[in-house]
Amino acid sequence: MLNYIIWNPDGIVFDFGFYQLRWYSILFGIGFVLGYQFVKWRFKRDNVDTKLLDNLAVYLVIGTVIGARLGHCIFYDWEYYQNHLLEILLPFRFSPTFEFIGYQGLASHGGGAGVIIALIIFSWQNKISKIWMIDTIALVVPLAGASIRLGNLMNSEIIGKATNVSWAFIFKQIDNIPRHPAQLYEALSYLLIFGILFWVDKKQKYKNGFVFGLMLVLVFIARFFIEFVKADQSAFEADMTLNMGQWLSIPYFIIGWIFIYRGIKKSN
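Counting from 1, position 47 in the sequence shown corresponds to residue 47 in the UniProt record's numbering; the numbering is continuous, with no gaps.
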């Protein structure tokens, strides 16, 4: 056991009694702040009014939270939430006692769909090219993803399968079994993907839509393979050849290749 990393952080930064500020929330916010700065840079580069950014941030937060929440509740825990529909969108638990719990349970696949829908609505209302807008946000999605997975790490959730590799984590809040730090694998993968996307975007060699397609392909390839070392998030996944996360990654991967194909050469 001495060869492994003992992981037992307190996920709560401050406890105000009526509300607990968690590392997850802080890291989630950091992801949005960093993403905001890069989106602002792209707006300026392409001569789009930066005054729209504040409204855009609201759309993105709402789209991400609603999409991620619905994704988790429908695909991973519908057996519970079908009988507790109000708890899907309200940050409260109503039984056995009324309790404020925040949003515990967010799925990245649902969050991705929520963001896309929010961007389409925002672009339509502000008369901005929808595909340019989606490309812009696609650039920073991996940054947000990395921040969220670091938040999961601080919460000792979305853990990996048992392993004997020397860098295994023992999540003391879960058990004493050395496990893959799957959250860290994803966070590092997403940071690398962000670097690739930023480099490609700066070259401006491709049509709008290429960055979005490349993001989908790289993110969901990473997600697909990392799922092999993740512990199942729901009991029903135990007998599945591919788990729910992998099945949900396949449509995004296919859509990504379509956008890459369409954007592979810049118009003359």
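Note that CB positions come from ideal geometry on N, CA and C, so glycine has one too.
If you reduce the DSSP assignment to three classes, tell me which class I116 lands in. As a first step, residue 116 is located in the sequence shown; it is residue number 116 there, counting from the start. If DSSP states are grouped into helix, strand and coil, I116 belongs with the helices.
By Cβ distance below 7 Å, which residues in the same chain neighbour V217 in space, the five residues on each side in sequence not counted? In the sequence shown, the residue the question calls residue 217 occupies position 217. Counting only Cβ-Cβ distances below 7 Å, and skipping sequence neighbours, we find F253, G256, W257, I260.
Which of the three DSSP states is assigned to G11 in this structure? As a working note, residue 11 is residue 11 in the sequence shown. Three-state DSSP puts G11 in coil, outside helix and strand.
Specify, as a first and last residue, the run of the beta strand (DSSP E) that I170 falls within. Start at 1 with the first residue of the sequence shown, and residue 170 comes out as number 170. Segment 169-171, the beta strand (DSSP E) holding I170.
Give the secondary structure of Y4 by DSSP, where H, G and I count as helix, E and B as strand, and everything else as coil. For the purposes of this step, residue 4 is identified with residue 4 of the sequence shown, where counting begins at 1. Looking at Y4 - three-state DSSP - the assignment turns out to be coil, as it is neither helix nor strand.
Whole-angstrom distance between D175 and Q37, CA atom to CA atom: Counting from 1 along the sequence shown, the entry for residue 37 is found at position 37. Counting from 1 along the sequence shown, the entry for residue 175 is found at position 175. Approximately 39 Å between the Cα atoms of the pair.
Whose CA, out of F32, I26, S234, N126, lies closest to the CA of N155? Within the sequence shown, residue 155 is the residue found at index 155, counting from 1. Among F32, I26, S234, N126, the Cα nearest to that of N155 belongs to I26.
S147 and F28 closer than 8 Å at C-beta: Looking up residue 147 in the sequence shown gives position 147. Looking up residue 28 in the sequence shown gives position 28. Yes, the pair counts as a contact, with Cβ atoms nearer than the cut-off.
At least three beta-carbon pairs within less than 8 Å, the segment 109-124 to the segment 65-73: yes
Supposed contact pair Y59 and residue 269 - C-beta distance, whole angstroms, cut 8 Å: Nothing can be reported for residue 269, as the shown portion of the chain is limited to 1 through 268.
Please report the straight-line C-alpha distance between residue 285 and V33, rounded to a whole angstrom. Residue coverage of the chain in this structure runs from 1 to 268, which leaves residue 285 outside it and unanswerable.
Are the beta-carbon atoms belonging to V140 and V48 less than 8 Å from one another? If you number the sequence shown from 1, residue 140 lands on position 140. If you number the sequence shown from 1, residue 48 lands on position 48. Cβ distance not < 8 Å, so V140 and V48 don't count as in contact.
At the level of alpha carbons, what is the spacing between S189 and H84? As a working mapping, residue 189 is identified with position 189 in the sequence shown. As a working mapping, residue 84 is identified with position 84 in the sequence shown. Straight-line Cα distance between these residues: approximately 35 Å.
Given this structure, state the Cα-to-Cα distance separating W199 from L106, to the nearest angstrom. Within the sequence shown, residue 199 is the residue found at index 199, counting from 1. Within the sequence shown, residue 106 is the residue found at index 106, counting from 1. About 30 Å.
Please state whether DSSP places G35 in a helix, a strand or coil. As a first step, residue 35 must be located in the sequence shown, where it is residue number 35. Three-state DSSP puts G35 in a helix.
Quick check: the Cα distance between D135 and F75, rounded to an integer number of angstroms? Along the sequence shown, read from residue 1 onward, the residue named residue 135 stands at position 135. Along the sequence shown, read from residue 1 onward, the residue named residue 75 stands at position 75. About 27 Å.
Which residue's Cα is closest to the Cα of F228: I158, H72, R42? For the purposes of this step, residue 228 is taken as the residue at position 228 of the sequence shown. It is I158.
Thinking just about the alpha-carbon of each residue, which of I264, G245, F171, I177 is nearest to the one in K207? Position 207 of the sequence shown holds residue 207. Nearest C-alpha to K207: I264.
Per DSSP, I21 forms a beta bridge with which residues? Counting from one through the sequence shown, the residue named residue 21 turns up at place 21. Residue identity differs from the one stated: residue 21 is Leu in this sequence, not Ile. The partner list for L21 (beta bridge, DSSP) reads F14.
Whole beta strand (DSSP E) elements within the segment 169-239, 3-residue minimum: Correct list: 169-171.
Would you call E79 buried or exposed, if buried means 16 or more other Cβ atoms sit within 10 Å of its Cβ? Locating residue 79 in the sequence shown gives position 79, counting from the first residue. It is exposed - the Cβ of E79 has fewer than 16 other Cβ atoms within 10 Å.
Burial state of L150 (16 or more Cβ within 10 Å): As a working mapping, residue 150 is identified with position 150 in the sequence shown. That one is buried.
Going by beta carbon distance, what residues of the same chain come within less than 7 Å of I120, once the five residues before and after it are set aside? Indexing the sequence shown from 1 puts residue 120 at position 120. These residues qualify, in order along the chain: K130.
Could you give the residue range of the alpha helix (DSSP H) that holds Q246? In the sequence shown, residue 246 corresponds to position 246, counting from 1. Start and end: 244-263.
Cβ pair A162, P178 closer than 8 Å: To locate residue 162, count along the sequence shown from 1; it is residue 162. To locate residue 178, count along the sequence shown from 1; it is residue 178. It is a contact, given that the beta carbons lie within the stated cut-off.
My output table needs one value for A107: the three-state DSSP class, helix, strand or coil. Residue numbering aside, residue 107 sits at position 107 when the sequence shown is read from its first letter. Three-state DSSP puts A107 in coil, outside helix and strand.
Determine the extent of the alpha helix (DSSP H) in which V58 is found, giving its start and end residues. As a first step, residue 58 must be located in the sequence shown, where it is residue number 58. Taken as a continuous stretch (DSSP letters only), the alpha helix (DSSP H) holding V58 covers 53-75.
With a cut-off of 8 Å on the beta carbons, I'd call G110 and G145 a contact; round off their distance for me. Mapped onto the sequence shown, residue 110 falls at position 110. Mapped onto the sequence shown, residue 145 falls at position 145. No, G110 and G145 are not in contact; Cβ-Cβ is about 13 Å, not under 8 Å.
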